[in-house]
Amino acid sequence: MRKERVQLKLLHKKPNKSPKTVTGFSLQYLPSLVSVLRVIILPFLAYSFFYNYTIAAYALFLLAIGTDFLDGYIARRMVLATKFGAYFDATVDFIFTIGMFRIFVTAGLYPYFVLPLILIVFVQFLITSFCSNKIYDPIGKYYGSLLYGAIGLTLLFSGQSFYGIITFGIVAVTAASLCSRLAYFSHSRARIHHTSFTISEEAQSTKGGDLR
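Under my numbering, the first residue of the sequence shown carries the number 37, and numbering increases by one thereafter.
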């Protein structure tokens, strides 16, 4: 009788496991769902900017920044950080920043070459990140934040001299980020090559000692 009662209890408990699994699966993508909000905000922000709805543009931009902080906070707080989430967040940031600068370029605030600069940084980030897990790039780490700052300043202030300063800053930071990341990447590759060469030399010397 006791065994039958235990089995009945186990049978009653089994159906409760599936909802937990579904809930865990949904929570895993919660930070990415928050990140998607920035893409949804983008067209409304563009509309507000073009038609001079200044307060609405400021509010939407602050909301976009809020989602950028919130998705990272949720991932850390609930231990939901994943490699997919990191790349997805970076991709959403790229879509949002290049979308806003495309709007600014169309409005004649910035030159067209700003767009390929942002694209180049994003592409080299993907390539070097896939090739090496840990890359020391203090400038590139905050590149997206600097672009967000440039967008916020563009919404707040105006003037060709001001736009010229922002353009120069983007060019300088882009060049520094590219040089920093590529220098570290080449140095890392050279160090790996040197380590493998040293190991092969030690192996050969060991074999030579055995033969003697």
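Ideal Cβ placement from N, Cα and C applies to all residues, glycine included. Being a predicted model, the structure only gives us computed values, none of them experimental.
Comparing alpha-carbon positions, which option in 93, 115 and 184 lies nearest residue 130? Working through the sequence shown from its first residue, we reach residue 130 at position 94. Out of 93, 115 and 184, 184 has the C-alpha closest to the C-alpha of residue 130.
Residue range of the alpha helix (DSSP H) that residue 105 falls in? Counted from its first residue, the sequence shown places residue 105 at position 69. 90-113 is the extent of the alpha helix (DSSP H) around residue 105.
If contact is defined by three or more beta carbon pairs under 8 Å, each pair taking one atom from either stretch, is the segment 198-208 in contact with the segment 100-107? no
Closer than 8 Å by C-beta to residue 133: which residues in its own chain qualify, once you throw out the five before and the five after it? Chain order, please. The count along the sequence shown starts at 1 and reaches residue 133 at position 97. Hits under 8 Å: 154, 180, 183, 184 and 187.
To the nearest angstrom, how far is it from the Cα of residue 152 to the Cα of residue 124? Indexing the sequence shown from 1 puts residue 152 at position 116. Indexing the sequence shown from 1 puts residue 124 at position 88. In a straight line, the C-alpha of residue 152 is about 20 Å away from that of residue 124.
How far does the alpha helix (DSSP H) with residue 83 in it extend, from its first residue to its last? To locate residue 83, count along the sequence shown from 1; it is residue 47. That run of the alpha helix (DSSP H) goes 66-86.
Inter-residue spacing [alpha-carbon to alpha-carbon] between residue 97 and residue 87: One-based indexing of the sequence shown puts residue 97 at position 61. One-based indexing of the sequence shown puts residue 87 at position 51. Roughly 15 Å between the two C-alpha positions.
What is the DSSP secondary structure of residue 147, reduced to helix, strand or coil? The sequence position of residue 147 within the sequence shown is 111, counting from 1. In this structure, residue 147 counts as coil in the three-state DSSP scheme.
For residue 84, which residues of its own chain have a beta-carbon under 7 Å away from its beta-carbon, when the five flanking residues on both sides are left out? Sequence index remark: in the sequence shown, residue 84 carries index 48 (1-based). The answer, listed in chain order, is 92, 93 and 96.
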